[in-house]
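Each residue of the sequence shown is one higher than the last, beginning at 1236 in the numbering used here. Every residue, glycine too, gets a C-beta built ideally from N, C-alpha and C. A short worksheet on the structure shown next.
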Amino acid sequence: MSTTASAAHVVVVGGGVIGLSCAFSLRQAGAEVTVLDRGVCGQATSLGNGGWITPSLSAPLAAPGVIRQALRWMLDPKSPLLVRPRLDRAFLAWLLRFARNTTPARYEAGARAVLALNEPTLRLFDAFRDAGVDFEMHESGLVFVALDDAHVAEEWELLSQLATLGYPGRLELLDSRAARVLEPALSGAVAGGVYAGEERHVQPQTLTAGLLRWLGEAGVEIRDGVSVEGMSATGGGWRLRTSTGPVDADRVVVAAGIWSRGLLEGLGARVPLEAAKGYSVTVPMRGGGPRHALMLQEAKVGVSPFHGSLRLSGTLEFAGEDLRLDPRRIAAIVEAAGRYLEGFSGNEGTPWAGLRQLLPDALPIIGRVPGAPGVFVATGHGMLGITLAPATADALTPLVLEDRMVAALEPLAVDRRYA
Ligand SMILES: Cc1cc2nc3c(=O)[nH]c(=O)nc-3n(C[C@H](O)[C@H](O)[C@H](O)COP(=O)(O)OP(=O)(O)OC[C@H]3O[C@@H](n4cnc5c(N)ncnc54)[C@H](O)[C@@H]3O)c2cc1C
């Protein structure tokens, strides 16, 4: 590298929660930072999601038994999973690889990798706040609730197993009475649940807005409306081709969400990144409503209470990069919430859809881009991009600025075996 760490100019491509968190960490470490976003920072997948900070969800989606469950769901048009049939060889290969990751050994290794990355997560959210990033964060925990005893027992077993793999949080098994004492908004249909008391959630839009404000005040250059179309090495650095002219950098971090795939391909790195659409509905609330984040187990719907609104989120839809809103999916989410929440009707809700990014082993890719020294990537966070954003940035910064690899990044390398 031709420059010292503190003087390095790092260009971050993509101003979602991952790119903005990387910019925060890099700036704190003394780098000169520019963030380029082809749209408006914070307005893509990082906008309408559930905002959960949940290390208790570190178990990868590619879990033993998930294929059997998925096949059952595919027969139900209201289910939380949809796979649109596509004659796309890359997608079929992705599905096959995903299936190969559902062995107990790969699942456990994946859970350990995400737990290790998540280890500093809560401290790093505190550090955002301590540094002066202003955002809405709730520390009331997450309650997994179910309508039948079998689902309560299944979740308790899964979380207890995660605890044996290293999940450090406090867990409490709740019968139906205890669940309703803890969360009076639950309906009488709820059979019980599990309380993960240390989990948190944020209003995600306030987090990206808070980071943007902090970055602006810290001298980071933020440029909306600049699309990066490719990049080439210049001998010691990189020249980015953008829609508004070339931009030079000592180092580059690609944090462009699902769209990172094309940028990586341009550098000769083919990664099996697949888009998984999810929906949310945000309902205005004038008092009342749940106080805790809730996972509605059978429906796989997340509930996030914010100041003045309630957000329901869910669905995993494999339909390419299609962001259209499917009214049946949205209705299914709202209907499901009505079964678990007393007197709930989400009729006035605002729907939204976003694209999660998923690798076949359901682990993120964070690290060097092979064959492109000085270019790094951080994407593939699936359901956990908000949770893992500060930990991703914290682990990646020493690699970008000092060429120092932290252990948590080893299983997340771009050139790992995806199975
Ligand atoms: C319904 C739903 C609910 C979710 N709930 C949660 C949750 O509760 N907790 C959690 O942890 N995670 C959750 N997630 C996942 C989380 O939202 C994502 O993992 C996270 O937002 C991804 O952030 P990102 O910065 O990688 O991508 P994005 O937010 O998509 O940002 C990528 C940015 O890159 C820019 N870009 C793309 N291409 C280029 C280019 N060529 N040049 C310049 N800029 C470019 C885009 O404009 C965009 O702003 C949820 C996701 C969905 C869909």
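Whose CA, out of the options, lies closest to the CA of residue i?
i	options	result
Arg1652	Asp1369, Gly1345, Val1538	Gly1345
Phe1579	Trp1587, Pro1586, Glu1570, Thr1585	Glu1570
Tyr1342	Thr1627, Val1301, Val1245	Val1301
Val1368	Gly1251, Arg1448, Asp1311, Arg1486	Arg1448
Ala1266	Glu1371, Gly1460, Glu1637	Glu1637
Val1612	Ala1597, Ala1628, Leu1619	Ala1628
Ala1654	Leu1547, Thr1289, Gly1285, Ala1297	Ala1297
Arg1546	Arg1273, Ala1264, Trp1287	Trp1287
Ser1539	Val1247, Ala1334, Asp1311, His1373	His1373
Pro1299	Arg1321, Val1318, Asn1336	Asn1336
Glu1645	Leu1306, Ala1348, Ala1305	Ala1348
Gly1537	Arg1319, Glu1556, Gly1376	Gly1376
Pro1615	Ala1567, Glu1577, Glu1533, Ala1490	A small fix is needed here, since residue 1615 is Gly in this sequence, not Pro. Comparing Cα positions, the closest option is Ala1490.
Asp1596	Leu1576, Glu1577, Asp1650	Asp1650
Gly1594	Tyr1430, Ser1548, Ala1325, Ala1340	The identity of residue 1594 in the sequence shown is Leu, whereas the question assumes Gly. Comparing Cα positions, the closest option is Ala1325.
Gln1592	Gly1285, Glu1556, Val1463, Glu1371	Glu1556
Got a sec, what are the start and stop residues for the alpha helix (DSSP H) residue i sits in?
i	result
Val1301	1301 to 1309
Val1489	Careful: Val1489 lies outside any alpha helix (DSSP H), inside the beta strand (DSSP E) at 1486 to 1489.
Arg1474	From DSSP, Arg1474 is part of no alpha helix (DSSP H) but of the beta strand (DSSP E) over 1473 to 1477.
Val1635	1620 to 1637
Gly1497	1495 to 1501
Asp1361	1356 to 1366
Asn1353	1339 to 1353
Val1275	Here Val1275 belongs to no alpha helix (DSSP H), and DSSP marks it neither H nor E.
Ala1328	1324 to 1335
Gly1254	1252 to 1263
For residue i, list the residues DSSP reports as bridge partners.
i	result
Lys1512	Glu1552, Leu1590
Thr1517	Arg1546, Thr1585
Ser1539	Arg1546
Ala1381	Gly1427
His1436	Trp1287, His1373
Arg1603	Phe1611
Gly1465	Arg1476
Val1482	Leu1475
Glu1407	Tyr1430
Leu1421	Leu1576
Below 8 angstroms CB to CB, which residues in the same chain sit around residue i once its five sequence neighbours on both sides are set aside?
i	result
Leu1397	Ser1291, Ser1293, Ala1294, Ala1346, Leu1350
Val1455	Ala1258, Arg1262, Val1268, Thr1269, Val1270
Val1252	Gly1277, Ser1281, Pro1439, Leu1442, Thr1443, Leu1446, Gly1620, Ile1621, Ala1624
Gly1427	Val1380, Ala1381, Asp1384, Val1387, Leu1408, Leu1409, Asp1410, Ser1411, Ala1413, Ala1414
Ser1395	Leu1406
Leu1357	Ile1288, Pro1290, Glu1433, Arg1435
Tyr1402	Pro1290, Ser1291, Ser1293, Leu1350, Leu1394
Leu1450	Leu1255, Ala1258, Phe1259, Arg1262, Val1268, Val1270, Ile1457
Leu1558	Lys1512, Ala1588, Gly1589, Leu1590
Tell me which same chain residues have a C-beta within less than 6 angstroms of the C-beta of residue i, skipping the five on either side of it?
i	result
Leu1502	Val1604, Ala1607
Arg1458	Leu1271
Ser1314	Trp1308
Leu1634	Met1640
Ser1656	Examination of residue 1656 is not possible in this model, given that the chain is present from 1236 through 1654 alone.
Thr1238	Per-residue confidence for Thr1238 stands at a pLDDT of 42, beneath the threshold of 50, marking its modelled position as unreliable; no derived number is given.
Ala1240	In this predicted model, Ala1240 has a pLDDT of only 47, less than 50, meaning its place in the structure is not dependable; the value taken from the coordinates is given anyway. Contacts found: Leu1636, Glu1637.
Met1236	In this prediction, Met1236 has a pLDDT of 36, which is less than 50 and means its spatial position is unreliable; nothing more can be read from the coordinates.
Leu1499	Val1506
Thr1585	Thr1517
Ala1643	Ala1351, Leu1352, Ala1630
Arg1564	Tyr1514, Thr1550
Between which two residues does the beta strand (DSSP E) harbouring residue i extend?
i	result
Leu1417	Here Leu1417 belongs to no beta strand (DSSP E); instead the alpha helix (DSSP H) covers 1411 to 1417.
Ala1528	1528 to 1531
Val1247	1244 to 1248
Arg1458	1456 to 1459
Gly1522	Gly1522 -> no beta strand (DSSP E), and no H or E assigned at all.
Pro1272	A small correction: the amino acid at residue 1272 is Asp; Pro does not occupy that position in the sequence shown. Segment 1267 to 1272, the beta strand (DSSP E) holding Asp1272.
Leu1317	1316 to 1318
Only counting the same chain, and skipping five residues up and downstream in sequence, which positions put a Cβ closer than 7 angstroms to that of residue i?
i	result
Ala1648	Gly1602
Pro1519	Gly1543, Ser1544, Glu1583
Arg1303	none
Thr1479	Val1461
Ala1453	Arg1262
Gly1465	Arg1476, Gly1501
For chain D, check one thing: does any of its Cβ atoms lie closer than 8 angstroms to the Cβ of residue i?
i	result
Pro1339	Of the protein chains in this structure there is only one, and it is not chain D.
task: Count the CB pairs spanning the region 1417 to 1431 and the region 1366 to 1383 that are closer than 8 angstroms, and state whether there are at least three.
output: yes
message: Between the region 1615 to 1623 and the region 1468 to 1488, can you find at least three pairs of beta-carbon atoms closer than 8 angstroms?
response: no
message: So, does the region 1506 to 1521 touch the region 1322 to 1335, judging by three or more C-beta pairs under 8 angstroms?
response: yes
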